[in-house]
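Heads up: the sequence shown begins at 19 in our numbering, then just goes up one per residue.
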Amino acid sequence: MVRRWIWIGLGGVLVAMLSLGLGSARAAGPLEPVLTVRGLPPMQTTAATALQPLKADQPGPTDFAAPELELAQATPPRQVTALADPTNYGDRFLTDVNGQAVRNDFIAVLHETVGSAQSALNLFRTRHPRDQDQVSYHALIGRDGTVYYIVPPEKRAFGAGNSVFNGPNGPETVRTNAAFPPSVNNFAYHVSLETPGDGFNNRRSHSGYTQAQYNSLAWLLAQTTIPDNRITTHQAVDRSGNRMDPRSFNSSSFFGQLRRYPTRSSLAG
Ligand SMILES: [Zn+2]
Numbered sequence: 019m020v021r022r023w024i025w026i027g028l029g030g031v032l033v034a035m036l037s038l039g040l041g042s043a044r045a046a047g048p049l050e051p052v053l054t055v056r057g058l059p060p061m062q063t064t065a066a067t068a069l070q071p072l073k074a075d076q077p078g079p080t081d082f083a084a085p086e087l088e089l090a091q092a093t094p095p096r097q098v099t100a101l102a103d104p105t106n107y108g109d110r111f112l113t114d115v116n117g118q119a120v121r122n123d124f125i126a127v128l129h130e131t132v133g134s135a136q137s138a139l140n141l142f143r144t145r146h147p148r149d150q151d152q153v154s155y156h157a158l159i160g161r162d163g164t165v166y167y168i169v170p171p172e173k174r175a176f177g178a179g180n181s182v183f184n185g186p187n188g189p190e191t192v193r194t195n196a197a198f199p200p201s202v203n204n205f206a207y208h209v210s211l212e213t214p215g216d217g218f219n220n221r222r223s224h225s226g227y228t229q230a231q232y233n234s235l236a237w238l239l240a241q242t243t244i245p246d247n248r249i250t251t252h253q254a255v256d257r258s259g260n261r262m263d264p265r266s267f268n269s270s271s272f273f274g275q276l277r278r279y280p281t282r283s284s285l286a287g
């Protein structure tokens, strides 16, 4: 009998130690990182694609003819992994800066690079110790349709500053840093399109994106479970008033491509 109580006593001590351990881990801060995600495209990690050299700057194709449906769906685009420096992205969190649980579904936020894809990739690969210099997208689509994977999907890319998503569930935004305004980054999948050469300026529009870019964008987002009504633009979520991207974006062309994927039928708004 005495021995049994000793075992129960030891068990109690163990339980107490375990819960103390968990307690101290939680007490480290209100922000709890997300470790895995579902419903976002995986990164290409095979050596064959990861080690491909980046292409030099070159003009994109100018043929805007609609491709064959089966061809567009069956052929994945060229994919290259070009990871950002870790200073340019962070964790996604289950809680905000005040310790409040956040449960936003993902949104996709579309951007454009304004400069070349190569210059954007170089910027993301550069170490940025200062918070205000850190910037990234999850993926970037070159003029030739190449998909560059930059930030792992389970991580929080720094694609938007002061921002809010006004969607079917009302305004959504999350503050994860007391020094900065709330943003959509915690639940955003940021995808950027390489700007055409005539758009390397601040005009309101330019000659637009290639068919290969629309095909690759649709192919990429067809791998997500993000519904049509949660696919938005940087311009739409921006609260600073100075973001206009992606300029010249043809929504009907893009959604036309996306809805060709049978898996999207239940996600169309
Ligand atoms: Zn943007």
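The beta-carbon is built from N, C-alpha and C at its ideal position, and this holds for glycine as well.
Beta-carbon proximity of residue i to residue j, cut-off 9 Å
i      : j      : result
Ser181 : His252 : yes
Thr93  : Leu211 : no
Leu101 : Val169 : yes
Arg161 : Pro199 : no
Leu49  : Asp109 : yes
Gln118 : Gln62  : no
Leu58  : Thr242 : yes
Pro60  : Ser234 : no
Rounded straight-line distance, which links the Cα of residue j to that of residue i
i      : j      : result
Phe121 : Phe205 : Phe is not the amino acid found at residue 121; the sequence shown has Arg there. Computed Cα separation, rounded: 9 Å.
Tyr232 : Phe267 : 10 Å
Pro171 : Arg222 : 30 Å
Thr194 : Val115 : 5 Å
Arg56  : Ser258 : 30 Å
Met262 : Val255 : 10 Å
Tyr107 : Tyr167 : 13 Å
Val192 : Pro147 : 23 Å
Asn247 : Phe273 : 11 Å
Ala196 : Glu190 : 17 Å
Residue of the options minimising C-alpha distance to residue i
i      : options                           : result
Val52  : Tyr167, Arg174 and Arg145         : Arg174
Phe183 : Arg277, Tyr207 and Gly133         : Tyr207
Phe111 : Ala230, Ser283 and Ser201         : Ser201
Ala220 : Leu141, Asn260, Ala197 and Ser284 : Checking the sequence, you will find Asn at residue 220 rather than Ala. If we check each option's Cα against that of Asn220, Asn260 comes out closest.
Arg265 : Gly217, Gly163, Ala138 and Thr99  : Gly217
Asp149 : Asn187, Pro95, Gly177 and Gln275  : Gly177
Ala138 : Val209, Thr54, Ser225 and Gly287  : Val209
Three or more C-beta pairs below 8 Å linking the region 139-153 and the region 236-247: Taking 8 Å as the limit for Cβ pairs, the verdict is that the region 236-247 does not touch the region 139-153.
Chain-ordered residues, beta carbon under 6 Å from a heavy atom of ligand 1: Going down the chain, each residue whose beta-carbon is closer than 6 Å to a heavy atom of ligand 1 shows up: His129, His252, Arg261 and Asp263.
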